[in-house]
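Okay, so the sequence shown: first residue is 8 according to this note's numbering, each after it adds one.
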Amino acid sequence: MINKIGILTSGGDAPGMNACIRDVTRYAIQKGLAVEGIVRGYEGLLSHETMPLDRRAVGAIIHRGGTLLRTARCLDFIKKDVQQKAAEYLRTLEIDALVVVGGDGSMKGAQGLSRFGIPTVTIPGTIDNDMMGTQYTIGFDTSVNTVLESVNKIRDTAFSHDRVAVVEVMGRHAGWIALHSGMASGAEAVLIPEHPVDLKSLCEHLEESHRMKKMSSIVIVAEGAAKGSDVVDYIREHTYLSPNLTVLGYVQRGGSPSALDGIMAGLYSQKAVDSLLAGNYNCVIGLIDSKVVATPYTEADKFHFSIDENMFDLVHMLGR
Ligand code: ADP
Ligand code: F6P
Numbered sequence: 008m009i010n011k012i013g014i015l016t017s018g019g020d021a022p023g024m025n026a027c028i029r030d031v032t033r034y035a036i037q038k039g040l041a042v043e044g045i046v047r048g049y050e051g052l053l054s055h056e057t058m059p060l061d062r063r064a065v066g067a068i069i070h071r072g073g074t075l076l077r078t079a080r081c082l083d084f085i086k087k088d089v090q091q092k093a094a095e096y097l098r099t100l101e102i103d104a105l106v107v108v109g110g111d112g113s114m115k116g117a118q119g120l121s122r123f124g125i126p127t128v129t130i131p132g133t134i135d136n137d138m139m140g141t142q143y144t145i146g147f148d149t150s151v152n153t154v155l156e157s158v159n160k161i162r163d164t165a166f167s168h169d170r171v172a173v174v175e176v177m178g179r180h181a182g183w184i185a186l187h188s189g190m191a192s193g194a195e196a197v198l199i200p201e202h203p204v205d206l207k208s209l210c211e212h213l214e215e216s217h218r219m220k221k222m223s224s225i226v227i228v229a230e231g232a233a234k235g236s237d238v239v240d241y242i243r244e245h246t247y248l249s250p251n252l253t254v255l256g257y258v259q260r261g262g263s264p265s266a267l268d269g270i271m272a273g274l275y276s277q278k279a280v281d282s283l284l285a286g287n288y289n290c291v292i293g294l295i296d297s298k299v300v301a302t303p304y305t306e307a308d309k310f311h312f313s314i315d316e317n318m319f320d321l322v323h324m325l326g327r
């Protein structure tokens, strides 16, 4: 029987994590549970940093980026003996189950804890949108909108100076942010880790556009596909065009969550608590075919969603 749950945020912060902390806390309290916040992700389970959460403790955070509970990358947590100690600590706090908000790595940590007898559920929270078991991760929409806003501004300068603006965005292993922001902003090209990077054809594409009187272009590069600076150097060396670089960096992880991220945080939080109460443990919450579902960790890899190839082709077709 579950009387008390813990919640932690882990991995890279994402807009909407605070909304999850608020929504899980308030929904769980409504269902008669007590809630304890674990500070700094798995690190807090080792350093014993926790804070009780009640309705008021999570007030006025729904619109804030980052995470009230802080987050961390705790490399030691891959070790089984460390996971066992963390599970024992949770038991001393009389925490019966844990909600983890984070990406794929955080989910593996949650799975580790579940092997030592702590029921867990993972809510997908990462701007990268690259998790198994879901088509949507909290933070992605906000991040894409942040990139869109920046690219719209960068385009003003690119247009005025007849330049090729290369914009490097986040995504070490996945091109979701690059592709979706490229589509939304009308980029001429996107480079993503899911496709081999061919700088020679990129240059041909840009020169062809230029010959068609397109005097400026936007190229969005996911950090996992190429370094923006290498792309700029290549274009400068191999064309007559005038490229420049903007690396967007951490602006993409901060800021108020978009409406979509706020809404998904609420729906995922409800499903997470309901799953625990129904004894449906050790699963990842996610959106699959427009339904909020809970998939066992052991089956999550059957639901691996790749980028939309049609969208990739369309960006390049329209950006001529
Ligand atoms: P994300 O959760 O966004 O994918 P990371 O990959 O950095 O971010 O993972 C966050 C944290 O999850 C790590 O710092 C570590 O504490 C934990 N973690 C990652 N991989 C594993 C693993 N294989 N086993 C146990 N814990 C892990
Ligand atoms: O949050 C996801 C992400 O931004 C990735 O796109 C990136 O590879 C990574 O986190 C970088 O995070 P940090 O600088 O905190 O290691």
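For each residue, glycine too, the CB sits at the ideal point set by N, CA and C.
**Message:** On the DSSP letters alone, give me the boundaries of the alpha helix (DSSP H) that residue 291 sits inside.
**Reply:** In the sequence shown, counting from the first residue as 1, residue 291 sits at position 284. The continuous stretches of alpha helix (DSSP H) do not include residue 291, which lies in the beta strand (DSSP E) extending over residues 290-295.
**Asked** Taking the DSSP output, what are the residues bridged to residue 224?
**Response** Taking the sequence shown and counting its residues from 1, one reaches residue 224 at position 217. Bridge partners of residue 224: 171.
**Message:** On the CB-based measure, 16 or more other CB atoms within 10 Å of its CB, does residue 143 come out buried or exposed?
**Reply:** Position 136 of the sequence shown, counted from the start, is the residue given in the question as residue 143. It counts as buried.
**Item:** Touch test, the region 182-191 against the region 310-319, Cβ-Cβ under 8 Å, three pairs minimum
**Value:** Verdict: yes, contact present.
**Prompt:** Does the region 85-100 touch the region 130-149, meaning 3 or more C-beta pairs lie closer than 8 Å?
**Reply:** Too few Cβ pairs lie closer than 8 Å, so no.
**Asked** When the distance is taken between beta carbons, is residue 65 closer than 9 Å to residue 75?
**Response** Within the sequence shown, residue 75 is the residue found at index 68, counting from 1. Within the sequence shown, residue 65 is the residue found at index 58, counting from 1. Going by beta carbons, residue 75 and residue 65 fall inside the 9 Å limit.
**Spatial distance of residue 72 from residue 228 (CA atoms)** = Position 65 of the sequence shown, counting from 1, holds the residue named residue 72. Position 221 of the sequence shown, counting from 1, holds the residue named residue 228. Each residue's alpha carbon lies about 24 Å from the other.
**Asked** Do you know offhand how far residue 6's Cα is from residue 226's?
**Response** Residue 6 cannot be examined here, being either before or after the span of the chain that is shown, 8 to 327.
**Request:** Mind checking who residue 193 pairs with in its DSSP beta bridge?
**Result:** In the sequence shown, residue 193 corresponds to position 186, counting from 1. Paired residues: none, contrary to the question.
**Item:** Residue burial classification, residue 51 (beta-carbon count within 10 angstroms, cutoff 16)
**Value:** Position 44 of the sequence shown, counting from 1, holds the residue named residue 51. The residue is buried, with at least 16 neighbouring Cβ atoms inside 10 Å.
**Request:** Quickly, what does DSSP pair residue 303 with across the bridge? List them, please.
**Result:** Residue numbering aside, residue 303 sits at position 296 when the sequence shown is read from its first letter. Answer is 290, bridged to residue 303.
**Asked** What is the DSSP secondary structure of residue 85, reduced to helix, strand or coil?
**Response** Working through the sequence shown from its first residue, we reach residue 85 at position 78. In the structure shown, residue 85 sits in a helix (DSSP, three-state: H, G or I).
**Message:** If I measure Cβ to Cβ from residue 236 and keep anything under 7 Å in the same chain, skipping five residues before and after, which residues do I get?
**Reply:** Looking up residue 236 in the sequence shown gives position 229. The beta carbon of residue 236 lies closer than 7 Å to those of 252 in the same chain, with the five residues before and after it left out.
**Request:** Taking only the alpha-carbon atoms, compute the straight-line gap between residue 113 and residue 322 and give it to the nearest angstrom.
**Result:** If you number the sequence shown from 1, residue 113 lands on position 106. If you number the sequence shown from 1, residue 322 lands on position 315. Taking the straight line from one Cα to the other gives about 32 Å.
**Request:** Measure how close the beta-carbons of residue 194 and residue 31 come, nearest whole angstrom, since I'm counting them as under 8 Å.
**Result:** The sequence position of residue 194 within the sequence shown is 187, counting from 1. The sequence position of residue 31 within the sequence shown is 24, counting from 1. With 8 Å as the limit, residue 194 and residue 31 do not qualify as a contact, their Cβ atoms being about 36 Å apart.
**Prompt:** Any heavy atom of ligand 1 within a distance shorter than 8 Å of the CB on residue 111?
**Reply:** By 1-based counting over the sequence shown, the position of residue 111 is 104. True, at least one ligand heavy atom lies under 8 Å from that Cβ.
**Item:** Straight-line gap, residue 310 to residue 211 (C-alpha atoms, nearest Å)
**Value:** Within the sequence shown, numbered from 1, the residue matching residue 310 stands at position 303. Within the sequence shown, numbered from 1, the residue matching residue 211 stands at position 204. Roughly 37 Å between the two C-alpha positions.
**Message:** What would DSSP say about residue 9, mapped onto helix, strand or coil?
**Reply:** For the purposes of this step, residue 9 is taken as residue 2 along the sequence shown, with counting starting at 1. Correct three-state label for residue 9: coil.
**Request:** Would you list, in sequence order, the uninterrupted alpha helix (DSSP H) runs of no fewer than 4 residues that lie entirely inside the region 73-150?
**Result:** 87-99, 111-122
**Those residues, in chain order, that have a beta-carbon closer than 6 Å to some heavy atom of ligand 2** = 19, 133, 134, 135, 177, 178, 179, 260
**Request:** For residue 287, collect the residues of the same chain with a Cβ closer than 6 Å to its Cβ; drop the 5 residues on either side in sequence, then sort them by chain order.
**Result:** Residue mapping note: residue 287 aligns to position 280 of the sequence shown, counting from 1. For residue 287, where only same-chain residues beyond five positions count, the Cβ hits under 6 Å are 301.
**Asked** Smallest Cα separation from residue 33: which of 264, 104, 47, 69?
**Response** Residue numbering aside, residue 33 sits at position 26 when the sequence shown is read from its first letter. Checking every option, the nearest Cα to that of residue 33 belongs to 69.
**Prompt:** Do you know how far the Cα of residue 57 is from the Cα of residue 196?
**Reply:** In the sequence shown, residue 196 corresponds to position 189, counting from 1. In the sequence shown, residue 57 corresponds to position 50, counting from 1. So the alpha carbons of these two residues sit roughly 46 Å apart.
**Prompt:** DSSP three-state call for residue 242: helix, strand or coil?
**Reply:** Here residue 242 refers to the residue found at position 235 when the sequence shown is read from its first residue. Note: residue 242 maps to helix in three-state DSSP.
**Request:** Locate the alpha helix (DSSP H) running through residue 68, then write down its first and last residues.
**Result:** Against the sequence shown, residue 68 aligns to sequence position 61. Segment: none, residue 68 is in no alpha helix (DSSP H) and carries neither H nor E.
**Request:** Run the proximity test for residue 48: is its beta-carbon closer than 8 Å to any non-hydrogen atom belonging to ligand 1?
**Result:** Along the sequence shown, one-based indexing puts residue 48 at 41. Flag set: Cβ of residue 48 near ligand 1.
**the region 15-26 contacting the region 251-266, beta-carbon criterion three pairs below 8 Å** = yes
**Message:** Within the continuous beta strand (DSSP E) that includes residue 43, where are the two ends?
**Reply:** Mapped onto the sequence shown, residue 43 falls at position 36. Run containing residue 43: 41-45, per the beta strand (DSSP E) assignment.
**Request:** Determine the DSSP secondary structure at residue 14, reduced to helix, strand or coil.
**Result:** The sequence position of residue 14 within the sequence shown is 7, counting from 1. Strand at residue 14.
**Asked** What do you reckon, are the CB atoms on residue 108 and residue 14 nearer than 9 Å?
**Response** Counted from its first residue, the sequence shown places residue 108 at position 101. Counted from its first residue, the sequence shown places residue 14 at position 7. Cβ atoms of residue 108 and residue 14: closer than 9 Å.
**Prompt:** Is residue 161 near ligand 1, judged by its Cβ being under 8 Å from some heavy atom?
**Reply:** Here residue 161 is taken as the residue at index 154 of the sequence shown, counted from 1. No - ligand 1 has no heavy atom lying nearer than 8 Å to the Cβ of residue 161.
**Extent of the continuous beta strand (DSSP E) run through residue 60** = On the sequence shown, position 53 is the one that residue 60 refers to. Counting along the chain, the beta strand (DSSP E) containing residue 60 begins and ends at 57-60.
**Asked** Between residue 277 and residue 8, what straight-line distance do the alpha-carbon atoms span, to the nearest angstrom?
**Response** For the purposes of this step, residue 277 is taken as residue 270 along the sequence shown, with counting starting at 1. For the purposes of this step, residue 8 is taken as residue 1 along the sequence shown, with counting starting at 1. So the two alpha carbons sit approximately 18 Å from each other.
**Item:** Straight-line gap, residue 53 to residue 106 (C-alpha atoms, nearest Å)
**Value:** As a first step, residue 53 must be located in the sequence shown, where it is residue number 46. As a first step, residue 106 must be located in the sequence shown, where it is residue number 99. Looking at the two C-alpha atoms, the distance is approximately 17 Å.
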